[in-house]
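When we follow the working numbering, the leftmost residue of the sequence shown carries the number 11, and every step to the right adds one.
Glycine included, C-beta positions come from ideal geometry on N, C-alpha and C.
Keep in mind it's a predicted model, so treat the numbers as computed, not measured.
Here the structure is laid out as structure tokens; the discussion comes afterwards.
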Amino acid sequence: MLGRMQRAFLFTGQGSQFTGMGKELVERFESARETFAEADEALGESVSELCFSGPDEQLQLTENTQPATLTVAVAAFRALGLTPDLAAGHSLGEYAAHVAAGTFDLGTAVKLVRQRATFMQNAVPVGTGGMVVLRKMDLAAVEELIAKVDVGICEIANKNETHQTVVSGEAAAMDQLVELAPRRMALKLNVSVPFHCSMLSDAGKEFAAVLDSTEMKDPAFPIWTNVDAKPVTTAQEARDALQRQFAGAVQWLPTVNGMFENGVRNFIECGPRAILVKMVTRIAAVSGVDGVVTAPATTVAEILALQAS
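So this is what it looks like as structure tokens:
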């Protein structure tokens, strides 16, 4: 039994995608079938076919990955049929959290993230930006390392865990960062966009105008935002946070620790793969937080087990 402690739902972001995702959910749950049909209709193309059959090189394109991953996360949430007390999503996942909370509907969300991805991809020519993940280094060590980079933009993009930080910026700066980092602690990521850094600021302002014209409702439950690591409860707060998220860092570690400080111990993840609940477990271990219970809701078997608990 998971018990009736305060329950947080987490929604997976980009990077969790794989060809075949969501297929078994659709085969088992009517709500998942309806979710994919809704996404297909909203985009005027088959998100379903892309998720279930690929081809992989098409699914991995940012403009396809974002609506596809969002749809799978929402399908898992709807199949589960449980209501959280609060929620959060990692980057793209924040949009799925808002769909779950009714801030906007799925059709609106998939169109928004398609535009979001296009703005991101067009903001920086391919090859001029990049990202590096730094592991086994705390935040102070990462900041000290970044301060030594002197050949271009180099900024923290994701504060994921106590000893995992992602850095984003110009390609030359990413190369220098890897050279300066201790051996085997820095790894370049295979991305075409330097997400969550100031290189996307101008594009972020353009996308902010899209969000300004998007109708939003107050979320049905608090959504903890990436940019502030704090919950929002109104439509205007949600819009403002999503606008700043475009080029702002993902404060995942502070978000999880903030939830811990507010007494949250029960975490369920909806998405293609269980990534965030593993982060939560590791953050809890480092922070010395006891009693944390996590569960993925990414497969039929996992969803049925949660429904029975």
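Notebook entry, point to check: Taking only runs of the alpha helix (DSSP H) that begin and end inside the region 95-173, which ones reach a length of at least 4 residues, in chain order?
Noted result: Counting whole runs of 4 or more residues, the region 95-173 contains the alpha helix (DSSP H) stretches 103-110, 116-133, 149-156.
Notebook entry, point to check: Residues bridged to S178 by DSSP?
Noted result: Residue 178 sits at position 168 when you count from the first residue of the sequence shown. Partner(s): M141, E165.
Notebook entry, point to check: Near S211, which residues of its chain fall below 6 Å by C-beta distance, leaving aside the five closest residues on each side in sequence?
Noted result: Counted from its first residue, the sequence shown places residue 211 at position 201. Cβ within range, chain order: A257.
Item checked: Alpha carbon of G273 to alpha carbon of Q16, nearest angstrom -> To locate residue 273, count along the sequence shown from 1; it is residue 263. To locate residue 16, count along the sequence shown from 1; it is residue 6. So the two alpha carbons sit approximately 8 Å from each other.
Margin query: If I follow the unbroken alpha helix (DSSP H) through K227, where does it start and stop?
Written below: The residue you call residue 227 lines up with position 217 of the sequence shown. Per DSSP, K227 belongs to no alpha helix (DSSP H) and is neither H nor E.
Next item on the list: Just the C-alpha distance for T113 and A18, rounded to the nearest angstrom, thanks.
Entry: As a first step, residue 113 is located in the sequence shown; it is residue number 103 there, counting from the start. As a first step, residue 18 is located in the sequence shown; it is residue number 8 there, counting from the start. Computed Cα separation, rounded: 17 Å.
Margin query: Nearest by alpha-carbon distance to M31: which of T81, A52, D50 is it?
Written below: If you number the sequence shown from 1, residue 31 lands on position 21. Cα-wise, what sits closest to M31 is T81.
Notebook entry, point to check: With respect to the alpha helix (DSSP H) encompassing F46, which residues constitute its N-terminal and C-terminal limits?
Noted result: Taking the first residue of the sequence shown as position 1, residue 46 is located at position 36. F46 -> alpha helix (DSSP H) spans 40-53.
Notebook entry, point to check: Apart from the five residues on each side of it in sequence, which residues of its chain come closer than 7 Å, Cβ to Cβ, to Q24?
Noted result: Here residue 24 refers to the residue found at position 14 when the sequence shown is read from its first residue. Shown here for Q24: same chain residues with a beta carbon closer than 7 Å to its own, the five before and five after excluded, namely T75, Q76, T79, S101, L102 in chain order.
Note to self: For a test of the three-state rule: what should DSSP assign to N276, helix, strand or coil?
What the structure shows: Translated into positions along the sequence shown, residue 276 becomes position 266. Note: N276 maps to strand in three-state DSSP.
Item checked: Member of P264, R283, T265, D222 whose CA lies at the smallest distance from the CA of A245 -> By 1-based counting over the sequence shown, the position of residue 245 is 235. Of the candidates P264, R283, T265, D222, the one whose C-alpha sits nearest the C-alpha of A245 is D222.
Margin query: Taking contact to mean 3 or more Cβ pairs, one atom from each stretch, closer than 8 Å, check whether the region 139-148 and the region 175-184 are in contact.
Written below: yes
Notebook entry, point to check: When the Cα of G298 is compared with those of T172, K198, L96, M147, which residue comes out closest?
Noted result: Here residue 298 corresponds to residue number 288 of the sequence shown, with the count starting at 1. It is T172 whose Cα lies nearest to the Cα of G298.
Check: Along the chain, where does the alpha helix (DSSP H) that runs through K198 open and close?
Finding: Residue mapping note: residue 198 aligns to position 188 of the sequence shown, counting from 1. Not the alpha helix (DSSP H): K198 falls in the beta strand (DSSP E), residues 196-198.
Next item on the list: For the beta strand (DSSP E) holding T304, just list the boundary residues, first then last.
Entry: Here the question's residue 304 lines up with position 294 in the sequence shown. Start and end: 303-307.
Notebook entry, point to check: Short check: CB of L96 to CB of W234, under 8 Å?
Noted result: Position 86 of the sequence shown holds residue 96. Position 224 of the sequence shown holds residue 234. The criterion of a C-beta distance shorter than 8 Å is satisfied by L96 and W234.
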